[in-house]
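Read in the UniProt record's numbering, the sequence shown has 41 at position 41, and its numbers run on one by one without any break. Beta carbons: idealized from backbone N, C-alpha and C, even for Gly. Here is the structure we will look at.
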Amino acid sequence: MTPHRSTRAAVFSAGSWGTAVAKILADAGTSVIVHARRDEIADAINTTHRNPGYFPDIELPASLTATTDPAAALAGADFLVLSIPAQSLRGNLAAWAPHIGTDTVIVSLMKGVEQGSHLRASQIITEVTGVGAERVAVLSGPNLAREIMDGQPAAATIACADEGAAHRFQKACHTGYFRPYTSTDVTGCELGGAVKNVIALAVGIASGMGLGHNAQAMLITRGLAETTRLGVAMGADPLTFAGLAGLGDLVATCSSPLSRNRTFGTHLGKGLSVQEATAATRQTTEGVKSAEAILALARAHDVEMPITGVVSALLNEKVTLGEAAAALMQRPPKPERCPPAPRPRGPPLRRLHPPHPEVPDHARIRAVRCPDRRHPRPGGVDDHRLHPPARPLAALEDVLPGHVHDHHAHRHHQGRPHRARERLRLPLPGLLDPRPAPAPDDPRPPHRERPVRPGRRARPRPVRPR
Ligand SMILES: NC(=O)C1=CN([C@@H]2O[C@H](COP(=O)(O)OP(=O)(O)OC[C@H]3O[C@@H](n4cnc5c(N)ncnc54)[C@H](O)[C@@H]3O)[C@@H](O)[C@H]2O)C=CC1
Ligand SMILES: O=C(CO)COP(=O)(O)O
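Written as structure tokens, this is what we have:
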């Protein structure tokens, strides 16, 4: 927290989070210039020390200045901090790139995945600017901008392949109310931030439908499970998802009415159409744009993400609220947890993009067997890849795996005899329908859920005396 005005940061966007991070940096003693798109916002910041577009009631540090000239903002900058909607990053960055200094570290605050390319912000940055991964950092965590502007305490994680660069930015933004930690898990931090927006949409939808805290906690917890599955398949450290950029951000966003994603979901849950919810939302709602791209990443890495799947289907208006909820609740029963994947080996199953320097060896999945021998799982990813289910029907089942009950997979899953390709379609009762979900055509009780402990083996058989 030593003053270091010689450190310079250029914050690109005078939006909600850009303004908040600019204030943090200035309060930490860093020399900050904000790049605004509109002259009137830049002028207001320079003359009244307020941002009338986002926080008209909050006075900004007098040392904080603004400009609409990207070259002036970037001149001599140690850090370029980017905080615009993820879908607009590529085009804007291409225009700003010629002004970026050769030593400038680029810090992404963005929590989205690009449509079409399915790239995260840090990957877009390296691709567009040609800057090496050691000069690209991400900052992510439970950081609702409004609370931070009010001076309330918060923490975040700064991740960079070069830990030294992360440390420098940590020093540049450490204040009495903002506590940054460092990490080298760029993939995990970024995925945590992007996927939690989709889970926050799901929680908002549940809340809008009038569902209680049990349902919301279920979505948060299983949302974290599917985020971690994707992260592990993409080479992230699973423990990152237990940290600020994972669980921390998920809890803050899913529980706060300040979250735009949760609020958008609440509108949907109350019955508004996607168009109506969009019209009711003024600021950036990354989850709406990223859900499908995240689902595409999941497919490419053979990871099941049922919550993301139903949110994407709802956003595309392919299913009703009741159908989406029923599709989640009627998935085949399974253990809560399978062991994490061992170090991956072998060629990737499918890859969306040419190898990225940051994730060269990790986007690989290998079949492992769950200690409960009836549940073979690929790479700790609890899907049914090893029970090739010969999935029927097209679009809906593709978006919502488990929407159609696969009788063959179900019997196989239970370790029982089965006839290949026998299938049964379940009706989809509305979520609030008091009737119990229809039982599969099996008279025996359903498979008992049993916690699986990593590394645990079947109990040894007693040795009979001869
Ligand atoms: N608001 C928050 O509490 C937090 C937001 N974030 C992330 O920060 C990023 C930015 O979000 P916010 O600042 O909240 O959004 P915002 O909607 O408040 O501000 C977006 C900014 O980007 C600019 N912008 C919009 N479209 C643009 C375009 N096509 N080209 C160039 N500039 C454009 C706007 O003028 C505005 O300055 C998102 O990825 C979000 O997930 C991350 C943590 C907290
Ligand atoms: O990322 C955020 C908090 O950490 C902000 O979430 P929303 O974009 O949903 O407002």
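Quiz prompt | Residues near Ile41 by beta carbon distance below 6 Å, same chain, minus five either side | solution = As a working mapping, residue 41 is identified with position 41 in the sequence shown. Hits under 6 Å: Ala14, Gly53.
Practice problem: Confirm the yes/no value for this check: CB of Glu190, any heavy atom of ligand 1, distance under 8 Å. | Solution: Your numbering for residue 190 matches position 190 in the sequence shown. No - ligand 1 has no heavy atom lying nearer than 8 Å to the Cβ of Glu190.
Practice problem: Please confirm whether any heavy atom of ligand 2 lies closer than 8 Å to the CB of Gln283. | Solution: If you number the sequence shown from 1, residue 283 lands on position 283. Yes, the beta carbon of Gln283 sits closer than 8 Å to at least one heavy atom of ligand 2.
Quiz item: From Ser6 to Ser63, what does the alpha carbon distance come to, in whole angstroms?
Solution: Counted from its first residue, the sequence shown places residue 6 at position 6. Counted from its first residue, the sequence shown places residue 63 at position 63. Answer to the nearest angstrom: the Cα atoms are 13 Å apart.
Practice problem: Report whether the distance from the Cβ of Trp96 to the nearest heavy atom of ligand 1 is below 8 Å. | Solution: Sequence index remark: in the sequence shown, residue 96 carries index 96 (1-based). No, the Cβ of Trp96 stays beyond 8 Å of every heavy atom of ligand 1.
Practice problem: With a 10 Å radius around its C-beta and 16 neighbouring C-beta atoms as the bar for buried, classify residue 516 as buried or exposed. | Solution: Given a span of 1 to 466 for the chain in the structure shown, any question on residue 516 remains unanswerable.
Exercise. Using 8 Å as the cut-off, classify the Cβ of Ser122 as near or not near the heavy atoms of ligand 1, replying yes or no.
Key: The residue labelled residue 122 in the question sits at position 122 within the sequence shown. For ligand 1, not one heavy atom lies less than 8 Å from the Cβ of Ser122.
Quiz prompt | Bridge-paired residues (DSSP) for Ala154 | solution = By 1-based counting over the sequence shown, the position of residue 154 is 154. Answer is Phe178, bridged to Ala154.
Practice problem: Could you check what DSSP says for Pro434 in three-state terms: helix, strand or coil? | Solution: Along the sequence shown, read from residue 1 onward, the residue named residue 434 stands at position 434. At Pro434 the pLDDT is 31, less than 50, meaning the model places this residue with poor confidence and gives no usable figure here.
Quiz prompt | From Leu211, Glu304, Thr281, Gly246, residue whose alpha carbon lies closest to that of Ser259 | solution = Within the sequence shown, the letter at position 259 stands for residue 259. With distances taken between Cα atoms, Ser259 lies closest to Thr281.
Quiz item: Using 8 Å as the threshold, is the region 66-73 in touch with the region 33-49, meaning 3 or more CB pairs across them?
Solution: yes
Quiz item: When the Cα atoms are used, what is the spatial distance from His408 to Glu292?
Solution: To locate residue 408, count along the sequence shown from 1; it is residue 408. To locate residue 292, count along the sequence shown from 1; it is residue 292. Note that His408 has pLDDT 41, beneath the 50 cutoff, so the model's placement of it is unreliable and the number below is only indicative. So the alpha carbons of these two residues sit roughly 29 Å apart.
Quiz item: Who pairs with Arg8 in a beta bridge, going by DSSP?
Solution: Within the sequence shown, residue 8 is the residue found at index 8, counting from 1. Answer is Ser31.
Exercise. Would you check whether ligand 2 has a heavy atom nearer than 8 Å to the C-beta of Lys289?
Key: Taking the sequence shown and counting its residues from 1, the one referred to as residue 289 is at position 289. No, since every heavy atom of ligand 2 falls outside the 8 Å radius drawn around the Cβ of Lys289.
Quiz prompt | Spatial neighbours of Lys270 in its chain, beta-carbon cut-off 6 Å, leaving aside the 5 residues before and after | solution = Locating residue 270 in the sequence shown gives position 270, counting from the first residue. If we look at Lys270 and ignore the five residues flanking it on each side, its Cβ neighbours are Gly208.
Practice problem: Given a cut-off of 9 Å, decide if Gly246 and Lys196 are closer than it, judged by their beta-carbon atoms. | Solution: In the sequence shown, residue 196 corresponds to position 196, counting from 1. In the sequence shown, residue 246 corresponds to position 246, counting from 1. Going by C-beta atoms, Lys196 is nearer than 9 Å to Gly246.
Practice problem: My understanding is that residue 497 touches Glu114, with C-beta atoms under 8 Å, so please give their C-beta distance in whole angstroms. | Solution: The structure shown does not extend to residue 497, since the chain spans only 1 to 466, so no value can be given for it.
Quiz item: With C-beta atoms as the reference, is Val128 less than 9 Å away from Val186?
Solution: Numbered from 1 along the sequence shown, position 128 holds the residue referred to as residue 128. Numbered from 1 along the sequence shown, position 186 holds the residue referred to as residue 186. In this structure, Val186 does not lie closer than 9 Å to Val128 by Cβ.
Practice problem: Compute the minimum distance between the beta carbon of Tyr177 and the heavy atoms of ligand 1, and state whether it is under 8 Å. | Solution: Here residue 177 corresponds to residue number 177 of the sequence shown, with the count starting at 1. Tyr177 Cβ: outside cutoff for every heavy atom of ligand 1.
Quiz prompt | Residues of its chain near Ala206, where Cβ-Cβ distance is below 7 Å and the 5 sequence neighbours each way are ignored | solution = Residue 206 sits at position 206 when you count from the first residue of the sequence shown. Closer than 7 Å at Cβ, skipping near neighbours: Ala215, Gln216, Leu219, Gly269.
Quiz item: Exposed or buried, what is Ser273 when buried is set at 16 or more other beta-carbons lying within 10 Å of its beta-carbon?
Solution: Stepping through the sequence shown from its first residue, residue 273 is reached at position 273. Answer is exposed; the Cβ neighbour count stays below 16.
Quiz item: For Pro142 versus Arg179, is the C-beta distance shorter than 9 Å?
Solution: Position 142 of the sequence shown, counting from 1, holds the residue named residue 142. Position 179 of the sequence shown, counting from 1, holds the residue named residue 179. Taking 9 Å as the Cβ cut-off, Pro142 and Arg179 do not qualify as a contacting pair.
Exercise. Take the Cβ of Ala9 as the centre, count every other Cβ of all protein chains shown within 10 Å, and call the residue buried at 16 or more, exposed below.
Key: Residue mapping note: residue 9 aligns to position 9 of the sequence shown, counting from 1. Buried: at least 16 other Cβ atoms inside 10 Å.
Self-check item: CB contact flag (Val203, Gly223, <9 Å)
Solution: As a working note, residue 203 is residue 203 in the sequence shown. As a working note, residue 223 is residue 223 in the sequence shown. Yes, these two residues count as a Cβ contact at 9 Å.
Quiz item: When the Cα atoms are used, what is the spatial distance from Thr263 to Val319?
Solution: Position 263 of the sequence shown, counted from the start, is the residue given in the question as residue 263. Position 319 of the sequence shown, counted from the start, is the residue given in the question as residue 319. Computed Cα separation, rounded: 20 Å.
Quiz item: Which residues in the same chain as Asp398 place their Cβ atom closer than 7 Å to its Cβ, once the five residues preceding and following it in sequence are excluded?
Solution: Working through the sequence shown from its first residue, we reach residue 398 at position 398. Reliability fails at Asp398, whose pLDDT of 49 lies under 50, so the model's placement of it is uncertain and the value that follows must be treated cautiously. No residues qualify anywhere along the chain.
Self-check item: Close-in-space but distant-in-sequence residues of the same chain around Thr102 (CB under 7 Å, 5 per side omitted)
Solution: Residue 102 sits at position 102 when you count from the first residue of the sequence shown. Closer than 7 Å at the Cβ level, and outside the excluded window around Thr102, lies no residue.
Practice problem: State the start and end residues of the unbroken beta strand (DSSP E) segment that holds Val310. | Solution: Counting from 1 along the sequence shown, the entry for residue 310 is found at position 310. First-last for Val310: 306-315, but that is the alpha helix (DSSP H), not the beta strand (DSSP E).
Quiz item: Roughly how many whole angstroms lie between the Cα atoms of Ser31 and Ala22?
Solution: By one-based count along the sequence shown, residue 31 stands at place 31. By one-based count along the sequence shown, residue 22 stands at place 22. Rounded to the nearest angstrom, the two C-alpha atoms are 9 Å apart.
Quiz prompt | Bridge partners - Met120, DSSP secondary structure assignment | solution = Along the sequence shown, one-based indexing puts residue 120 at 120. The residue you asked about is not Met; residue 120 is Arg in the sequence shown. Answer is Val113, bridged to Arg120.
Quiz prompt | Assigned secondary structure, Val21 (DSSP; H/G/I helix, E/B strand, else coil) | solution = Your numbering for residue 21 matches position 21 in the sequence shown. In the structure shown, Val21 sits in a helix (DSSP, three-state: H, G or I).
Self-check item: Proximity winner among Phe79, Ile45, Leu74, relative to Arg168 (alpha-carbon distances)
Solution: Position 168 of the sequence shown, counted from the start, is the residue given in the question as residue 168. The option with the nearest alpha carbon to Arg168 is Phe79.
Quiz prompt | Proximal residues to Leu250 (C-beta, below 7 Å), its chain only, five neighbours per side dropped | solution = Here residue 250 is taken as the residue at index 250 of the sequence shown, counted from 1. The answer, listed in chain order, is Lys196, Ile199, Ile220, Gly223, Leu224.
Quiz prompt | residue 469, buried or exposed, once every other Cβ within 10 Å from all chains shown has been counted against 16 | solution = No information on residue 469 is available, as it lies outside the stretch 1 to 466 that the chain covers here.
Quiz prompt | Residue closest to Pro306, alpha-carbon to alpha-carbon, out of Asn316, Leu295, Leu315 | solution = As a working note, residue 306 is residue 306 in the sequence shown. Ranking the options by Cα distance to Pro306, first place goes to Leu295.
Quiz item: Starting from Ala137 and walking both ways along the alpha helix (DSSP H), at which residues does that stretch end?
Solution: In the sequence shown, counting from the first residue as 1, residue 137 sits at position 137. Element bounds for Ala137: not the alpha helix (DSSP H) but the beta strand (DSSP E), 136-140.
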